[in-house]
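Input: a single structure, listed below in structure tokens.
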Amino acid sequence: AQKVTQAQTEISVVEKEDVTLDCVYETRDTTYYLFWYKQPPSGELVFLIRRNSFDEQNEISGRYSWNFQKSTSSFNFTITASQVVDSAVYFCALSLIQGAQKLVFGQGTRLTINP
Amino acid sequence: NAGVTQTPKFRVLKTGQSMTLLCAQDMNHEYMYWYRQDPGMGLRLIHYSVGEGTTAKGEVPDGYNVSRLKKQNFLLGLESAAPSQTSVYFCASSYSIREGNQPQHFGDGTRLSIL
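The listed protein sequences derive, respectively, from chains Z and X. Counting from 8, one number per residue, gives the positions in the first sequence under my numbering. Counting from 41, one number per residue, gives the positions in the second sequence under my numbering.
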């Protein structure tokens, strides 16, 4: 069975600070996907990124960056120069590459960016 | 392009009542899913479908039934609602592996309260 743990329940920072959201996962499978989703106060789920287990390269997209380390089973998400609009609940998730792609979500981290 | 549409967006039920949540997608996706989101627990998979006429249980299927009579629709039924089923329900859809294995598209959610 797969498991995703986001140990940080809530994080609060001041605007323009950098913030890292932690994600640790467990799976016995060697081929899997890792995801990050954003859930703003309006409630919808916004897809941010998908990485497969074969690709450990870090990725940067604007102020967002992701650090994937198979050695520690972690897929951490960093927001640089945070903005108030980044306030949301962020979910890390995992699915196997084969089969029905069922997503296993972490508990979520509520991020509050204060002006 | 509507994507994934969930009906209704809000509903209040009394214990013991029944209802059906409708999910419709216009992307010709093969796979469809129902998740529930409870505070502090992230999203959990209720049931899923890998094609028209097929359904399977997810992590938390008890108390729910589903049907996929048409490829574009995935219905979630509560036969006898219980307060423990108060939650936000999300539907999602995606292509199958052979079609390109893209990330799941989520609907905006249905907020369901059982009194």
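We treat Cβ as the ideally placed atom computed from N, Cα and C, and that holds for glycine.
- The region 80 to 89 of chain Z and the region 26 to 39 of chain Z touch, with no fewer than 3 CB-CB distances between them shorter than 8 Å.
- Contact annotation for S134(X) against chain Z: Q108 [CB-CB distance below 7 Å, chain order].
- Contact between C131(X) and G147(X) holds: CB atoms are separated by about 4 Å, below the 8 Å threshold.
- Shown in chain order are the members of the region 53 to 84 of chain Z whose Cβ falls below 8 Å from a Cβ of chain X: F54, R57.
- DSSP, read as helix, strand or coil, puts Q46(X) in strand.
- When the alpha-carbon of V20(Z) is set against those of G106(Z), K77(Z), S72(Z), I86(Z), the nearest one is in I86(Z).
- It is roughly 5 Å from the alpha-carbon of I86(X) to the alpha-carbon of V100(X).
- The C-beta of L61(X) comes no closer than 8 Å to any C-beta of chain Z.
- The beta carbon of I18(Z) sits closer than 8 Å to the beta carbons of V26, L28, T116, R117, L118, T119 from its chain, once the five residues preceding and following it are set aside; these are given in chain order.
- The alpha-carbon separation between I67(Z) and I56(Z) amounts to approximately 10 Å.
- Residue environment analysis places S102(Z) among the buried positions, since at least 16 neighbouring C-beta atoms fall within 10 angstroms of its C-beta.
- With at least 16 other beta carbons inside 10 angstroms of its own, V106(X) counts as buried.
- Judged by their CB atoms, F54(Z) and C99(Z) are not nearer to each other than the 8 Å cut-off.
- Against chain X, a Cβ distance below 8 Å from Q114(Z) picks out G80, M81, G82.
- Proximity of V52(X) to chain Z, defined by a Cβ-Cβ separation below 8 Å, is not satisfied.
- Listed in chain order, the alpha helix (DSSP H) elements of length 4 or more contained wholly in the region 29 to 103 of chain Z amount to none.
- Shortest Cα-Cα distance from R35(Z) to any of K77(Z), P47(Z), D62(Z), D93(Z) involves K77(Z).
- Secondary structure at Q65(X): strand, using DSSP grouped into helix, strand and coil.
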